[in-house]
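One structure is given here, and the rest of the page talks about it.
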Amino acid sequence: MANFDVHRILIDQGSSCDVIYSGLFKTLQLAEKNLVPYVGADLQGLNGSTTKPWGYVDLIVTFGEDKAMKSVKVQFLV
């Protein structure tokens, strides 16, 4: 993801959006200028708290290795 090896991710197949936390956004050394403004509703967590996303970013994510490798563009909320 963004030229970094990410060894562990959480996949929620029931989620309607793909989210990366601000800490990972900074670790990937992405700049805020890479963010597209988000104009949707606030996100609500399982505990009922809400948060306003910074924006979204498109990243190329590669799954698998060797012959089983596949790269796709994923739009993440940050």
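Counting from 272, one number per residue, gives the positions in the sequence shown under our numbering. Each residue gets a CB set at the ideal place from its N, CA and C atoms; glycine is no exception. All figures in this text were calculated on a predicted structure; none of them were measured in a lab.
Query: C-beta atoms of Leu330 and Lys341 nearer than 9 Å; Result: no
Query: Endpoints, alpha helix (DSSP H) assigned at Leu295; Result: 293-298
Query: Residues bridged to Val343 [DSSP beta-bridge criterion]; Result: Val332
Query: Reduced DSSP secondary structure (H/G/I, E/B, other) of Asp313; Result: coil
Query: Whole-angstrom distance between Leu306 and Leu317, CA atom to CA atom; Result: 25 Å
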